[in-house]
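I have placed the structure first, in the form of structure tokens, so that the comments after it can refer back to it.
Chains as they are written, first to last, in the numbering used here: chain A, 1 to 365; chain B, 1001 to 1365; chain C, 2001 to 2365; chain D, 3001 to 3365.
What follows is the structure, encoded as structure tokens:
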């Protein structure tokens, strides 16, 4: 083990998102996976023996992880003795249990960066897209106080994958003074978002499914939280932004597409202004020069039939949100198409970027 | 040839829609295909020799058509000597030429039922969904007068396939007094809509294409025309309905899905009222008991993840519009998902139903 | 209930094959589904309540079945009080249990027509493709004697879906005196063969899986049994036919394709002889004029890129085996491509045809 | 331009394979693309202006190429004034013309590394898989003499993409003394092999196509040529190896799968011997340490349902042939499944490796 790197654990290391974390953390300059956690039934076995046959990534299991013994995810004491940060990507349905376990980890002094939705509704848990709401991290001190956490213990969450294809572009416009009041969003979501085995092939060969359980509510609520202001002690949920979402599943491996209509509160930018804002968008997080931070968080593409999942999802290692097809909307003001990589920007890559931010801000040492 | 049936010609008989017409007209009780027309280069050859290797239908080429010699589509005199009605599904791009040719056919005393978009913008050409705007046929007399057509000559058109998944449900609500003022529609359209070879496989394997040339304009304009009133001499285009569309291509063989948000002008029905209106919808055209008329033009389905293209497109021989997922919209009033079979209801099946209506109304004898 | 029809039960009625049976038996002239059986946990509930959300067929659940109460599949006494024949399409893995249960049903005097593989290795259980080995039914008397079955009790099985795309064509050649000694077969099998949810979508989008558990052994052994002779008391397994199979899964909804190389024992037919034999093939079963018997059991198609699953699987209601691409093989003698509908001919349709044969032969009354 | 790199041209630079060459040659340590050639109609325009909308690669057009002006492919004089080597991936059908043009380039003193099939049947043109038949390059001196080529002028070809999934594994066995006499091969080929637009989506959604024009002949003949011996002046085509191929198209973006049965001439290795030979295979070309040479040319994978295209094609940058599922064949001796990346190893990557070999051997300076 490299002594300069922060030792991390993956909770739910055998699932699809866990695998993606392990793939993306191979040779990461700041973090080293030293602990892989899963349910009791695989505990004690070597990672490769359990995951080998169901490994879904295109690159091989890193040697440094392949031979790790799997820890029971509830054996918090042992994990906390080895790690300073955990990436939580539980694949169980018990929301209450996940809420509790994540805070139990935090209580031992660990920073928890979570992909699970369990703690997203907790207003003291920052839901972070660092290009947008870095200042929500100011809530952590109060979170620690209220929950009796030690100084190094905290829980932050990453939002749902379905919102990453449009939330940063909306923020970029608001940052320049063009307040958005209404969004109607239709998503065409990739299969990997449902894990493995996930969606049955018979549901998406010569077919699409115009429904994803729970997804529309998340898509309507989470951007509002992220685009709200926070003080040191509370989140001030804005009420001036209404979102309506329809979420569908399409036969695409990776890459969520969003078809978006938007209405501005008062001032309406020109088409050229919007494109310029997107192409020139530069977030505060850029100054940290983090390994997972994309060169451009937003890329506007002029080709008329783009963005497309297979052709645009990998832009800047899958961390860029690609937008295109900006045009007038007959009902609201403008329409556009957004795309982001759901298992990179929308899951493990986004989680890692969040953890890098915690380090850059001195919250994790 | 059966002397009691009306002899018909197919213009563009070798293309995908032409093939669908031939398939659906096999053993049709009212019409008999006696003439298949295509470009000069296949003229004179047997239909089966030209189309055999590229026949896309699941049933075989009907024997009665297989051995017909192909006519040159511009040899109007010969076609008109054999037929009383033509189904026009030209696959050429020259809009002006198609406009002219269709009226040239009408001038010889033939009824032209067209799938082409060329004459859709002509206000004296009824764009017919018979469950909705049967009374637009009252324009035909004036059309004949203005264009110097004989009594049996006329041109009517069928709207674009992309609008059939939501226009009849909207009409049903308006018919019951709930005027709709705004629609935001996202379509997930099937591959067969682009003909053959049409969409390249590399564009829709592990991919979707969020753009279809010209489709959004049609989707925004055609329902307005259909849902407008007409007098005997002119169409009165309504201005109180705004539609915004985003059209995408997905890897589905047949069946266009529409994700729709709608706003009512003043009176807003309850969810139950909407479902009841849809399930009880009965159009005037039902009384004619036409062979291609579905038992129900609209079917509301309660299963939460439906309608789905492969599972719902064939309802009632592909002529029913299936709707589902009715729920509140945070921005407009309600959202729903609609689905219809694009090459049946949205193309050949819709054209045949229109022709049956012309016969039922005594316009074709 | 129609008194002239034979009342039948479906064991495993909630699974994919069970659903297909129910779909295909709607309005069947000889059989009426009066009993739907599944595991204890759905027992007592209405069929539509249990299956509605997971019904995979394109036509609706027949009204006559929708409101049947589900029976526990192990409540043999009750089932046998209502039915004279059962279609067995168990979806459990316990082979020993299925073997026993099927014979327990037979002991109550019921004819069991099974899709399960459990009893296929029993030499006294005819594995029937009626166009090929009708005379294997002569074994039933001995089967009844050995197993102490009453006169109306018996078990027959349908072979695996993977072999239907080539076994009848091979038989047709052998029937005309061209003995086949070697077959190398590669199958490209449809997703519906794995049931629902079955194959994960992530395994077959931009991918194929070159492995199906247990399938190659069945594909190599079952045709040998079917193509063997039987006396009244025993099956005489032939040893002069060697088959080697590679079975793969491809993203096709229905329709198994087989790529076949074959070697003849001594006399080698010409290409034209082979095509003539296939096109003129007429089986003994044709004389019974059974409802599920196809007009042609084999259809040779001359188009160079056929047969193809979506375009050829539905030939003659899915009961025909379509062959094409006959040409010389550099290693064995000839190569061809065969195709059959796996859930019709290869599953429920084949089972129903077998049951019709039992009636026609007077074995079920 | 970097003076240490060899300036190269791409003939057919706008097509799919041309694009792949440009992608793979970005930052190549030995070659620099200075000339992009296409048909006269795009000649004189900037590469990005012509190719931008149809660029199919996931990475962007390299800046160094984007602004090159396209040369007319027949303007040989100009190209030869700038380059020392050309990669030929013509997308025209005129075989005679390509044969001539490639030699015309060679006559100006350029080395031509071709993906086209036109010159593959010329016995003096080495068809090179460098891990197998490096010594075929000894023919070049004689090729130059017979065709009056200058010392730096030559033509070599890369074999068809369909054979790369099994030819190197077969060679590895023969190299260890296990002569192979018969191969029956079924391929499941990716869509990218047909270029863009290539295969129509309607042919491969819920479908496969069991035919690829001309592909079976190439698959049967090219491995025989590659696996034959050559002297300095002629190729000695072996007659002891018979191959029979069936080639199919499946809905996979990249990666050709081969299902192979093989028979040995006399000595038959054990399963373990075969696996050991494959895993320990090390070709002579390794000693050159070329940039495109994979760490392992062959990788045997033990997981029972692999290799699979999406999961295995990218191994070692797409240059490794992955094999799996070795088992006895009931008809020949053994069966296995092979997989290689058709546009990398099977096209541009293979061509670049061949060019690197020419440099390593001192044939290009």
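Glycine included, C-beta positions come from ideal geometry on N, C-alpha and C.
Residue i and residue j closer than 8 Å at C-beta
i	j	result
residue 1017 of chain B	residue 1355 of chain B	no
residue 942 of chain B	residue 1037 of chain B	A question about residue 942 of chain B goes unanswered here, because the residues of chain B that appear run from 1001 up to 1365.
residue 2009 of chain C	residue 2035 of chain C	yes
residue 248 of chain A	residue 209 of chain A	yes
residue 1343 of chain B	residue 1020 of chain B	yes
residue 1326 of chain B	residue 1271 of chain B	yes
residue 3082 of chain D	residue 3150 of chain D	no
residue 2085 of chain C	residue 2361 of chain C	no
residue 1224 of chain B	residue 1237 of chain B	yes
Classification of residue i by the beta-carbon crowding that lies within 10 angstroms, buried from 16 upward
i	result
residue 3376 of chain D	Past the boundaries of the shown model lies residue 3376 of chain D; chain D is included only from 3001 to 3365, so the question cannot be answered.
residue 3216 of chain D	buried
residue 3112 of chain D	buried
residue 2193 of chain C	buried
residue 2358 of chain C	buried
residue 1131 of chain B	buried
residue 3305 of chain D	buried
residue 2350 of chain C	buried
residue 2001 of chain C	Residue placement at residue 2001 of chain C is poorly supported in this model, since its pLDDT is 49, which falls under 50; the coordinates still yield a value, given next. That one is exposed.
residue 14 of chain A	buried
residue 3296 of chain D	buried
residue 3133 of chain D	buried
residue 1331 of chain B	buried
residue 3058 of chain D	exposed
Amino acids of chain B, ordered along the chain, whose beta-carbon sits closer than 9 Å to that of residue i
i	result
residue 2314 of chain C	1058, 1059
residue 304 of chain A	1211, 1213
Nearest-angstrom beta carbon gap, residue j and residue i [assumed within contact, 8 Å]
i	j	result
residue 3294 of chain D	residue 3190 of chain D	Not confirmed; about 19 Å, so no contact.
residue 3185 of chain D	residue 3245 of chain D	5 Å
residue 264 of chain A	residue 178 of chain A	6 Å
residue 2117 of chain C	residue 2102 of chain C	Not really, about 11 Å apart at Cβ, beyond 8 Å.
residue 12 of chain A	residue 90 of chain A	5 Å
Proximal chain A residues relative to residue i, where beta-carbon distance stays under 9 Å
i	result
residue 1447 of chain B	With chain B covering only 1001 through 1365, there is no way to say anything about residue 1447 of chain B.
residue 1188 of chain B	186, 188, 208, 210, 248, 250
residue 3130 of chain D	Simply none; closest approach about 25 Å.
Proximal residues of chain B, C-beta to C-beta of residue i below 7 Å
i	result
residue 2311 of chain C	1058
Contacts of residue i in chain C (Cβ-Cβ under 7 Å)
i	result
residue 1206 of chain B	2205, 2206
residue 3184 of chain D	2184, 2261, 2331
Contact list for residue i against chain A, beta-carbon separation under 8 Å
i	result
residue 3301 of chain D	Residues of chain A passing the Cβ test: none, with the nearest at roughly 10 Å.
Neighbouring residues, chain D, relative to residue i (Cβ below 9 Å)
i	result
residue 2224 of chain C	None at all; the shortest Cβ gap to chain D is about 10 Å.
Closer than 7 Å at the beta carbon, the chain D residues around residue i
i	result
residue 2321 of chain C	Chain D residues near residue 2321 of chain C: none, gap ~14 Å exceeds 7 Å.
residue 2253 of chain C	3206
residue 1191 of chain B	3201, 3202, 3205
Interface partners of residue i on chain A, CB under 7 Å
i	result
residue 1257 of chain B	208, 210
residue 2196 of chain C	200, 202
Residue i CB to nearest heavy atom of the ligand SAH below 7 Å
i	result
residue 181 of chain A	You won't find the ligand SAH in this model; it holds no ligand whatsoever.
Stretch pair the segment 3301-3320 of chain D + the segment 3251-3258 of chain D: three plus CB contacts closer than 8 Å: yes
Three-pair Cβ contact test at 8 Å for the segment 3125-3134 of chain D versus the segment 3146-3157 of chain D: yes
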